[in-house]
């Protein structure tokens, strides 16, 4: 999976001269949307089929401060998925420094048109398979990074 | 009609140290919502009845810069309404200085559930009467301000 | 300490028909700002004295969905403070239902004009004392709630 | 000059199921920033040299509704520039339909570190020349579009 690229906009800054912390939460969403599109079916398509996926929880840790003019690169992974709940992880890298600015996670469920939780496995099998595939690819990406790092250590 | 009060939030600032100009457009909406509630029926109620009122146009002129910690007072008026189209005017005053920070206008129509323009006069008479009443009160407010100002000049 | 009140705005909703999850993070900031003002010195005052307090981390758990037209009440507490780091906790209640919509925490440090971490105890003693007082009051509020709940159980 | 591309994000929608009208004002800013970068010097660079360029006025006309999942293409032009004031024009096209969703203008001045209006011609000649060049190119783009349209009519 390719990392998602976001260019920091002026309206995303605050008077501290840095990106307002709430915007990283929005960037997680941008990256999540892009991740699904790379897997083959966008979130817009899911809503067209009558399923919404609200956020149950979010956390973010701010390590360095992104600024106007910066470009960030967001690596997204599925860390768990069981048909009913989905957890994703994000790492936001500053393209200039290569350092990590922020990392975080989001948790989701799936609801039908009347707001009742559903199992994607039962009700939207193509999306279920897509998230399974996304989770596998996330694990492979993880493994390949670990192998590279082990290689470096030799 | 009472003016609407908004306290400037930190997340509304940008790195220029002032409120980002896009937020005044959002404050117009806050004031418009409050104006309708003062008239007796909120915009939430209108949407419940199946009518939405999108913005067709907006303009804003920025005269002074509102900052974090400021409180602003927004005077709202209906400048024209004919059952099909609605125009409103906003003046944003800084509570500390008493001076005007921003003024602007918005233009609206009314759409039904399938997105077709409707006449409120035909399809939602209580809201039609409400906007007529709002326009009258706006004109009375205007007149009473003019009379006061004439009084001052004597 | 009084709870902070926020009226949900139309621009805070998304196409799911609920408040976009990133806005609760902004409401935490609104409540935090109000909490400091109730303690006697606002955040604007802190910045005037050359100290900024960036967010190091945030988390939010979404339990119920706030909607346009709702009014929420936010209870804010200092959960830890040692002169160098500050943690705060937020509970967002829906005024109509009385139920909790969202809870979360934020973590902060304090930086001087050149971006170096400082100890408020050394560099801004009035704010240091204020946060200590705020932490004590948070603990008393907690205790009084617990006592009430124990009272109920009798 | 190349048009600027923006992908509509979920957090930019509201409960009407369309992009909230305030976001188009933010897209104008994105396009303006990109326009300056294409001309050779970004707005970040201008601020580094101690000059800010606040928005004095903005207007937008909404013709069609952009939605989540859409990609828009923004054509930006300098319509007037005299060293002291700058006006720009924006046309937001929907990439799928090719139709125009929104058009608008913004007006700007230039301020130095103490907030006093300056003449770029005197105080920041490279940016002055850049805006002159941008205005010329805008006029050439205009002319070439007109010629094409005349060509079509033959």
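Protein chains in written order, with my numbering: chain A, 45 to 198; chain B, 45 to 198; chain C, 45 to 198; chain D, 45 to 198. Heads up, the beta-carbon is just placed ideally off N, CA and C, and yes, glycines get one too.
From residue i to residue j, what does the alpha carbon distance come to, in whole angstroms?
i                      : j                      : result
residue 184 of chain C : residue 65 of chain C  : 31 Å
residue 98 of chain B  : residue 155 of chain B : 8 Å
residue 69 of chain A  : residue 101 of chain A : 11 Å
residue 59 of chain C  : residue 55 of chain D  : 8 Å
residue 179 of chain C : residue 110 of chain C : 28 Å
residue 84 of chain D  : residue 174 of chain D : 8 Å
residue 149 of chain C : residue 193 of chain D : 59 Å
residue 152 of chain D : residue 96 of chain D  : 10 Å
residue 51 of chain D  : residue 67 of chain B  : 21 Å
residue 172 of chain C : residue 90 of chain C  : 11 Å
residue 105 of chain B : residue 82 of chain B  : 26 Å
residue 63 of chain B  : residue 63 of chain C  : 22 Å
residue 168 of chain C : residue 61 of chain A  : 22 Å
residue 46 of chain D  : residue 142 of chain D : 16 Å
residue 131 of chain A : residue 190 of chain A : 21 Å
residue 164 of chain B : residue 57 of chain C  : 25 Å
residue 117 of chain D : residue 170 of chain D : 28 Å
residue 86 of chain D  : residue 72 of chain D  : 15 Å
residue 188 of chain B : residue 88 of chain B  : 31 Å
residue 112 of chain A : residue 112 of chain D : 25 Å
Using a threshold of 9 Å, state whether the C-beta atoms of residue i and residue j are closer than that.
i                      : j                      : result
residue 122 of chain D : residue 162 of chain D : no
residue 147 of chain C : residue 176 of chain C : no
residue 79 of chain A  : residue 48 of chain A  : yes
residue 137 of chain D : residue 119 of chain D : yes
residue 140 of chain D : residue 114 of chain D : yes
residue 53 of chain B  : residue 74 of chain C  : yes
residue 144 of chain A : residue 135 of chain A : yes
Which residues in chain A sit within 7 Å of residue i, going by Cβ to Cβ distance?
i                      : result
residue 157 of chain C : Under the 7 Å cutoff, chain A gives no residues; its nearest Cβ is about 11 Å from residue 157 of chain C.
Decide if residue i is buried, meaning its Cβ has at least 16 other Cβ atoms within 10 Å, or exposed.
i                      : result
residue 182 of chain B : buried
residue 160 of chain B : exposed
residue 76 of chain A  : buried
residue 186 of chain B : exposed
residue 158 of chain D : exposed
Run through chain C and tell me which residues come within less than 9 Å of residue i, C-beta to C-beta.
i                     : result
residue 66 of chain D : 55
At 8 Å on the CB atoms, spell out the chain C contacts of residue i, in chain order.
i                      : result
residue 41 of chain B  : Any answer about residue 41 of chain B is impossible in this case: the structure gives chain B only from 45 up to 198.
residue 103 of chain A : 101, 102, 103, 104
Residues of chain B with a CB under 9 Å from the CB of residue i: which are they?
i                      : result
residue 114 of chain A : By Cβ distance, chain B contributes nothing, its closest Cβ being about 12 Å from residue 114 of chain A, past 9 Å.
residue 73 of chain C  : 53, 54, 55
Would you mind telling me which residues of chain B sit closer than 7 Å to residue i, beta carbon to beta carbon, in chain order?
i                     : result
residue 88 of chain C : 112, 113
Taking residue i as the query, report the chain B residues whose CB atoms sit under 8 Å from its CB, ordered along the chain.
i                     : result
residue 61 of chain A : 59
residue 77 of chain C : 53, 54
residue 98 of chain D : 60, 62, 65, 106, 109
List the residues of chain A whose Cβ lies closer than 8 Å to the Cβ of residue i, in chain order.
i                      : result
residue 194 of chain D : Residues of chain A passing the Cβ test: none, with the nearest at roughly 37 Å.
* Start-end ranges of the beta strand (DSSP E) lying completely within the stretch 102-140 of chain D, minimum 3 residues -> 115-125, 129-138
* Within the stretch 48-108 of chain D, ranges of the alpha helix (DSSP H) (whole runs, at least 4 residues) -> 66-83, 87-92
* Asked: Going along the chain, which unbroken runs of the beta strand (DSSP E) with 3 or more residues stay wholly within the stretch 133-189 of chain A?
  -> 144-153
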